[in-house]
Amino acid sequence: MIPRIAILLLGLAFGCNAAAADTANKWSTWFGGNINVSEAVQGPLLAVGGNVAVSGPVSGAAHLAGGNVTIAKSAVISGDVDVAGGDVTIGGSIMGRLKAAGGTVRIDGPVTGDASVAAGRLELGPGARIEGKLSFRGDDLRQDPGAQVVGGIQRHVGYQDWHQHTTG
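The sequence shown maps to residues 778 to 945 in this note's numbering.
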């Protein structure tokens, strides 16, 4: 365990990408500047970096964070997804629930569970199909006519509206 942590810290200190498998919990863990997960991941995935891209299949949950986070159309994540970033783009399939936070969040692929999004702007593209309920906290929701939200959309007051409401 200690050598794996040391390798990850050295990789981060020298601006390299680092990856390790947590054999106790079966997590595939990636840290670094530019992370590109293009090969199949067996088990859950944790990826943190400046730019995080997932284009391969993930057989488990995914926890992703970065300045720019992309789940490509070719990606299939067989579990729940937690994602945070300045710019978040979800084009692949999520076989579970989605929790996303970002400046801009784009969903243009299927989500089999509920989706909870906090963002300055949420864009639902023509390929978006959310099987559950969409809970959105933010100011700007843009929904393509082809986007589908089976469980309906619950909007929460965004900061701007809340601030104006409470200050008169």
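Yeah, the Cβ is synthetic: ideal placement off N, Cα and C, and Gly gets one too.
Keep in mind the model is a prediction, meaning the values are calculated, not measured.
Query raised in the report: What separation, rounded to the nearest whole angstrom, lies between the Cα atoms of D916 and G897?
Result: Their Cα atoms are separated by approximately 6 Å.
Query raised in the report: In this structure, does DSSP put G916 in helix, strand or coil?
Result: A small fix is needed here, since residue 916 is Asp in this sequence, not Gly. In the structure shown, D916 sits in a strand (DSSP, three-state: E or B).
Requested in this report: Can you say whether A877 is buried or exposed, counting buried as having 16 or more other CB atoms within 10 angstroms of its CB?
Outcome: The residue in question, A877, is buried, as its Cβ has 16 or more Cβ neighbours within 10 Å.
Requested in this report: Return the residue from the list D859, P834, V835 that minimises the CA-CA distance to V846.
Outcome: Of the candidates D859, P834, V835, the one whose C-alpha sits nearest the C-alpha of V846 is D859.
Query - Residue environment, A905, which counts as buried when at least 16 other CB atoms sit within 10 Å - result: Around the beta carbon of A905, a 10 Å sphere encloses 16 or more other beta carbons of the protein chains shown; the residue is thus reported as buried.
Query - CA-to-CA distance, Q819 to F808, given in whole angstroms - result: Roughly 18 Å between the two C-alpha positions.
Query raised in the report: In its own chain, which residues sit with a C-beta less than 7 Å from the C-beta of I930, not counting the 5 before and 5 after it?
Result: So the list reads L911, F913, once near-sequence residues are dropped.
Query raised in the report: When the Cα atoms are used, what is the spatial distance from V882 to P922?
Result: Each residue's Cα considered, the two are about 17 Å apart.
Query raised in the report: Is the beta carbon of I812 less than 9 Å from the beta carbon of G837?
Result: Result no, Cβ atoms of I812 and G837 do not sit closer than 9 Å.
Report task. Quick one: grab the DSSP three-state call for R906. Result -> Correct three-state label for R906: strand.
Query raised in the report: What does K876 pair with, by DSSP beta-bridge criteria?
Result: Beta-bridge pairing links K876 to D859, S893.
**Report entry** Within 9 Å, strictly: CB atoms of V865 and V835
**Finding:** With respect to the 9 Å criterion, V865 and V835 are not classified as neighbours on the basis of their beta carbons.
Query raised in the report: Which of helix, strand or coil does DSSP assign to A849?
Result: Coil at A849, not helix or strand.
**Report entry** Spatial neighbours of D857 in its chain, beta-carbon cut-off 6 Å, leaving aside the 5 residues before and after
**Finding:** Excluding residues within five positions, the ones whose Cβ falls inside 6 Å are A838, G873, R874.
Requested in this report: Please name the residue, chosen from I871, G879, E816, that lies closest to D885 on a Cα-to-Cα basis.
Outcome: Taking only the C-alpha atoms, the option nearest D885 is I871.
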